[in-house]
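Undergrad:
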Amino acid sequence: MGSITLQRILLADDEPDILEIARIALETVGGFEVSVCTSGETLLDRLSEFEPDLVIVDVLMPDMTGPEVFEEIRRRPEFDELPVVYLTGVIQEEELNGLHETGVADVILKPFDPMTLADRINGIWKGRNGR
Amino acid sequence: MEGERERRASAEQLEKELERLRANFLEKLPARLQALVEEWHSLQGDGWSQDGARALHRSVHGLIGTAGSLGFAKMAKTARRLERRLVALLEGAQPPNRNVFAEVIEWFERMGEDSISDGDTTFDPSSFENMAEWGTTLFEPRNLIVVVEQEDPFARELALRLGHFGFELQMFKKIDEMVVGSVIRRPAAVIMDLSSPDGELIGEEVATKVRDALGEDVPLVFVSNRSDIEARLDAVRAGCSSYFIKPVNYSDVLETLDRLTRSEPEPYRILIVDDEPDTADFHATSLEAAGIETVTVTDPLDVMSQLVEFQPDVILMDVYMPGCTGLEMAMVIRQEEAFVGVPIVFLSRETDRMKQIAALGEGGDDFFTKPVPPDHLVPAVSARAQRGRTLRLFMEKDGLTGLFRHSRIIEQLEAAVRRADRQHGRLAVAMLDIDGFKEVNDEHGHLVGDQVLKALAYLLRQRLRMSDVLGRFGGDEYVVVMPDTDGRAALQKMDDIRRNFAAIDHEAVHGSFTVTLSCGVGEFPAALTSHELIAAADEALYRAKRGGRNQVLLAGDPD
Numbered sequence: 003m004g005s006i007t008l009q010r011i012l013l014a015d016d017e018p019d020i021l022e023i024a025r026i027a028l029e030t031v032g033g034f035e036v037s038v039c040t041s042g043e044t045l046l047d048r049l050s051e052f053e054p055d056l057v058i059v060d061v062l063m064p065d066m067t068g069p070e071v072f073e074e075i076r077r078r079p080e081f082d083e084l085p086v087v088y089l090t091g092v093i094q095e096e097e098l099n100g101l102h103e104t105g106v107a108d109v110i111l112k113p114f115d116p117m118t119l120a121d122r123i124n125g126i127w128k129g130r131n132g133r
Numbered sequence: 055m056e057g058e059r060e061r062r063a064s065a066e067q068l069e070k071e072l073e074r075l076r077a078n079f080l081e082k083l084p085a086r087l088q089a090l091v092e093e094w095h096s097l098q099g100d101g102w103s104q105d106g107a108r109a110l111h112r113s114v115h116g117l118i119g120t121a122g123s124l125g126f127a128k129m130a131k132t133a134r135r136l137e138r139r140l141v142a143l144l145e146g147a148q149p150p151n152r153n154v155f156a157e158v159i160e161w162f163e164r165m166g167e168d169s170i171s172d173g174d175t176t177f178d179p180s181s182f183e184n185m186a187e188w189g190t191t192l193f194e195p196r197n198l199i200v201v202v203e204q205e206d207p208f209a210r211e212l213a214l215r216l217g218h219f220g221f222e223l224q225m226f227k228k229i230d231e232m233v234v235g236s237v238i239r240r241p242a243a244v245i246m247d248l249s250s251p252d253g254e255l256i257g258e259e260v261a262t263k264v265r266d267a268l269g270e271d272v273p274l275v276f277v278s279n280r281s282d283i284e285a286r287l288d289a290v291r292a293g294c295s296s297y298f299i300k301p302v303n304y305s306d307v308l309e310t311l312d313r314l315t316r317s318e319p320e321p322y323r324i325l326i327v328d329d330e331p332d333t334a335d336f337h338a339t340s341l342e343a344a345g346i347e348t349v350t351v352t353d354p355l356d357v358m359s360q361l362v363e364f365q366p367d368v369i370l371m372d373v374y375m376p377g378c379t380g381l382e383m384a385m386v387i388r389q390e391e392a393f394v395g396v397p398i399v400f401l402s403r404e405t406d407r408m409k410q411i412a413a414l415g416e417g418g419d420d421f422f423t424k425p426v427p428p429d430h431l432v433p434a435v436s437a438r439a440q441r442g443r444t445l446r447l448f449m450e451k452d453g454l455t456g457l458f459r460h461s462r463i464i465e466q467l468e469a470a471v472r473r474a475d476r477q478h479g480r481l482a483v484a485m486l487d488i489d490g491f492k493e494v495n496d497e498h499g500h501l502v503g504d505q506v507l508k509a510l511a512y513l514l515r516q517r518l519r520m521s522d523v524l525g526r527f528g529g530d531e532y533v534v535v536m537p538d539t540d541g542r543a544a545l546q547k548m549d550d551i552r553r554n555f556a557a558i559d560h561e562a563v564h565g566s567f568t569v570t571l572s573c574g575v576g577e578f579p580a581a582l583t584s585h586e587l588i589a590a591a592d593e594a595l596y597r598a599k600r601g602g603r604n605q606v607l608l609a610g611d612p613d
């Protein structure tokens, strides 16, 4: 936490394929260290151990939704500044606005372009640290 | 330099990895789709559960992200539409019927086919931009109808019927469940059951609750078991738009909803013909400030082409112009049958009342002395435009379906062709014909036949965009002009509509029946003129009929 360059990303999505695509894209092009999990609970369990610089979490997951995960992260004092990015398949404008309003760093829509994913995450990271 | 080389190397590596993932995905997909179809089968009939349907929805939702991110654009698109269907089902109060079950299975099959054609085309990174685009275009929000109804069979029936016409429904069992924030978005109408066990009059009470939850101007449609004048008065006082007595005639409800959900009136269009640019500008600015669209022509010889293209509601014309006078121009305009009804308002510095009156004899409708102050110009022009539109509606629209008549749709098509030509744009024309319509009339009578014709008109209006032009060519033949649309997209849209139409139950004396339609699509610039487009669509329609009906074909495609 608090590092100047983005290195460690923790990623959660219940869809293994999308997890794989995102992981490979972030590792290969971004050169990040990526840890993946298939549920929000696992992500929360792994936070302290992995110490991510940034978290990407799917919105629509069966047990714990993205916003619930985000809320839980914010409840922990040691992670109250950790940037969280939503990954979502919703495309209704109102829903999107609602997601942005939860206070996350950004929202990335699925399907996404794997070739530019790392750049986008880097952009979000820089935008945050520049503030 | 070093950084750039590294970047390129890592991009190449990612592309390789993605190729591997694509192959992997494609290999596993058939089994995955099969499993989803089985899951869907297990939900059929008594097996229906909201949880089961929700799980299936999540799987389909997941497929969209994966397929799309791997560049299977067509498949992702199809999956998105299926998802939409499932969401609607989940929002519905009751399990889907057999037709819907079959339809969903068809969607799964289509996804399989799409994945193969996606797999055959080389990966195109620009497809991601397109995805953002189809995200919005395919998701034009449908008209939402909120239904508050405690009597279940009625609600189920209504949901089923309205669903086929492309309405989205949200159901509530009790009015008290409908509170601020509980309705997913602003509805086009709220249908309320007013029947109360003790026969109380509750119209005003429920109307207040609806308005508290949804705002003032949501149209209210009441359904009640009381037909007495007291009850009806209560409803009118509550501000309802329509009142239906049980048992409800569903076609009447549809007609009402169709009316309530018609598009907002377009702004008035005024053609200004004046050789003095400053005066023209002054009038245009005053009108535009009031939300009226204007086009200015300073050379009277350009008037005819603008009439066709801009389709003005009113022509505001200077009397004294070089080349030809406004009066001469008015006579020319009036010789064209299509423009006999467009109001012409003359403008001049002429203050001689007698000369003004003479001008009216030449086909003018009014005479203003210019420059006209905005507070006079705007209301005067608006009133003319409004009346002109009402009159034109009677002249141009088919009384039964409310769609454009034959001659008018051809004009609209011609204007669309010119626009497409100038902008190097796209344009598709679809011709639809109801299969075996004569038999419907013979078997069930003309009144029922008319209901079928109207049903297709409602469906077209609900499912197509505001920018699409809909017409009834005569008999049971319909024409749809779709600007900015290529043949493939039109084909898909019309095929959706074909499917929807086939699922509609039409009521007749001896029970209900279903009808199908056939459709042919022609596209610009494969066909270059309105005549060629109609001919191309017609030829495709003919092949669709000959090839067994109930299908949509694109001109030039094999059967």
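As given, the protein sequences belong to chains A and B, one line each in that order.
Heads up: the first sequence begins at 3 in my numbering, then just goes up one per residue.
Heads up: the second sequence begins at 55 in my numbering, then just goes up one per residue.
Idealized CB from N, CA, C, for every residue including glycine.
Remember, it's a predicted structure, so these values are computed and weren't measured experimentally.
#1: Kindly list the residues whose CB is nearer than 6 Å to the CB of LEU467/B, restricted to its own chain and excluding five residues on each side of it in sequence; keep chain order.
#2: Can you grab the Cα-Cα spacing for the pair GLU347/B / ARG152/B, in whole Å?
#3: For GLY541/B, collect the residues of the same chain with a Cβ closer than 6 Å to its Cβ; drop the 5 residues on either side in sequence, then sort them by chain order.
#4: Residues in the same chain with beta-carbon distance under 7 Å from VAL86/A, minus the five sequence neighbours each way, listed in chain order, please.
#5: Inspect the beta-carbon positions of ALA384/B and GLY415/B and report whether they are closer than 7 Å.
#6: When the cut-off is 7 Å and only beta carbons count, does GLY380/B lie next to chain A?
#7: Do VAL614/B and ALA469/B have their CB atoms nearer than 7 Å?
#8: By the 7 Å beta-carbon criterion, what residues does the stretch 21-41 of chain A contribute toward chain B?
#9: Could you round the C-beta distance between ALA24/A and LEU84/A to whole angstroms and report it? I think they count as a contact, below 8 Å.
#10: Secondary structure at GLU531/B, three-state DSSP: helix, strand or coil?
#11: Taking the straight line between their C-alpha atoms, what separation do you get for VAL373/B and ALA338/B?
#12: Would you be able to state if there are at least three C-beta pairs under 8 Å between the stretch 324-333 of chain B and the stretch 342-359 of chain B?
#13: Going by Cα to Cα distance, which pick from ARG138/B, VAL154/B, ALA285/B and LEU144/B is closest to ARG196/B?
#14: Note down the Cα distance separating MET246/B from SER278/B, rounded to an integer number of angstroms.
#15: Which residue or residues does DSSP assign as beta-bridge partners of PRO425/B?
#16: How about LYS112/A: is its C-beta nearer than 7 Å to some C-beta of chain B?
#17: Taking 7 Å as the limit between beta carbons, can you name the residues of its chain near VAL344/B, skipping five residues before and five after?
#18: From the beta carbon of THR120/B, is the nearest beta carbon of chain E less than 7 Å away?
#19: So is GLU17/A in contact with chain B if we call contact Cβ pairs under 7 Å?
#20: Do LEU514/B and LEU524/B have their beta-carbon atoms positioned less than 7 Å apart in this structure?
#21: With three or more beta-carbon pairs closer than 8 Å as the criterion, would you say the stretch 471-486 of chain B touches the stretch 271-290 of chain B?
#22: Which runs of the alpha helix (DSSP H) at least 4 residues long sit entirely within the stretch 221-276 of chain B? Give them in chain order.
#23: Express the C-alpha separation of PHE221/B and LEU198/B in angstroms, rounding to a whole number.
#24: Would HIS115/B count as contacting chain A if we go by Cβ distances under 7 Å?
#25: With DSSP collapsed to three states, give me the class of TYR88/A.
#26: Is there a Cβ of chain A sitting closer than 7 Å to that of GLU71/B, yes or no?
#27: Thinking just about the alpha-carbon of each residue, which of THR315/B, LEU274/B and MET408/B is nearest to the one in VAL201/B?
#28: Going straight from the alpha carbon of LEU582/B to that of VAL471/B, what length do you get?
#29: I'd like to know whether the C-beta atoms of SER572/B and LYS599/B end up nearer to each other than 7 Å.
#30: Tell me whether the beta-carbon of MET371/B lies closer than 7 Å to the beta-carbon of ILE398/B.
#31: Given that a residue counts as buried once 16 or more other Cβ atoms are within 10 Å of its Cβ, and exposed if not, what is ASP306/B?
#32: Can you list the residues of chain A that LEU68/B reaches, using a CB-CB cut of under 7 Å?
#33: Give the range of the beta strand (DSSP E) segment to which VAL577/B is assigned.
#34: Jot down the residue ranges of each uninterrupted beta strand (DSSP E) in the stretch 534-606 of chain B, minimum 3 residues, whole runs only, in chain order.
#35: Under a three-way DSSP split, which group does ASP306/B fall into?
#36: Let me check understanding here. Comparing Cα to Cα, which of THR132/B, ARG526/B and ASP206/B lies closest to SER171/B?
TA: Taking the structure as given:
#1: Closer than 6 Å at Cβ, skipping near neighbours: VAL535 and SER584.
#2: Linking GLU347/B to ARG152/B through their CA atoms gives a straight-line distance of about 49 Å.
#3: For GLY541/B, where only same-chain residues beyond five positions count, the Cβ hits under 6 Å are ALA482, VAL575, GLU577 and LEU608.
#4: Once the five neighbours on either side are set aside, the close Cβ partners of VAL86/A are VAL57, VAL59, PHE72, ILE75, VAL106 and ALA107.
#5: Contact check for ALA384/B against GLY415/B fails: the beta carbons are separated by 7 Å or more.
#6: It does not; no Cβ of chain A falls within 7 Å.
#7: Beyond the ends of chain B as shown, which are 55 and 613, falls residue 614/B; an answer cannot be given.
#8: For the stretch 21-41 of chain A, the set of residues with a beta-carbon nearer than 7 Å to any beta-carbon of chain B comprises GLU22, ILE23, ILE26, ALA27, THR30 and VAL31, in chain order.
#9: The distance from the Cβ of ALA24/A to that of LEU84/A is about 18 Å, inconsistent with a contact at the 8 Å cut-off.
#10: Here GLU531/B sits in strand by DSSP.
#11: Spanning the alpha carbons of VAL373/B and ALA338/B requires a straight line of approximately 17 Å.
#12: Three or more beta-carbon pairs separated by less than 8 Å link the stretch 342-359 of chain B to the stretch 324-333 of chain B, which places the two stretches in contact.
#13: Distances from the CA of ARG196/B to each of ARG138/B, VAL154/B, ALA285/B and LEU144/B were compared; the closest alpha carbon is that of ARG138/B.
#14: When the Cα atoms are used, MET246/B and SER278/B turn out to be separated by approximately 8 Å.
#15: Checking the DSSP bridge columns, you'll see PRO425/B has no partner listed.
#16: Chain B, which has a Cβ nearer than 7 Å to the Cβ of LYS112/A, makes this yes.
#17: The amino acid occupying residue 344/B in the given sequence is Ala; Val does not appear at that position. Cβ within range, chain order: VAL432.
#18: Note that chain E does not occur in the displayed structure, where the protein chains are A and B.
#19: Chain B contact via Cβ: present.
#20: Yes, Cβ-Cβ distance for LEU524/B and LEU514/B is below 7 Å.
#21: These segments do not touch.
#22: Unbroken alpha helix (DSSP H) stretches of 4 residues or longer found wholly inside the stretch 221-276 of chain B: 257-268, given in chain order.
#23: In a straight line, the C-alpha of LEU198/B is about 6 Å away from that of PHE221/B.
#24: Closer than 7 Å to the CB of HIS115/B there is at least one CB belonging to chain A.
#25: Residue state for TYR88/A is assigned as strand, using DSSP reduced to three classes.
#26: With respect to chain A, the C-beta atom of GLU71/B has a partner C-beta closer than 7 Å.
#27: Of the candidates THR315/B, LEU274/B and MET408/B, the one whose C-alpha sits nearest the C-alpha of VAL201/B is LEU274/B.
#28: Distance between the alpha carbons of LEU582/B and VAL471/B: 8 Å.
#29: Using a Cβ distance threshold of 7 Å, SER572/B and LYS599/B count as a contacting pair.
#30: Cβ distance < 7 Å, so MET371/B and ILE398/B count as in contact.
#31: With fewer than 16 other beta carbons inside 10 angstroms of its own, ASP306/B counts as exposed.
#32: For LEU68/B, the chain A residues whose C-beta falls within less than 7 Å of its own C-beta are ILE26, ALA27, THR30, VAL31, PRO116 and MET117, listed in chain order.
#33: According to the sequence as given, residue 577/B is Glu; it is not Val. Per DSSP, GLU577/B belongs to the beta strand (DSSP E) from 571-578.
#34: Listed in chain order, they are 560-562, 565-567 and 571-578.
#35: Secondary structure of ASP306/B (DSSP, three-state): helix.
#36: Comparing Cα-Cα distances from SER171/B to each of THR132/B, ARG526/B and ASP206/B, the minimum goes to THR132/B.
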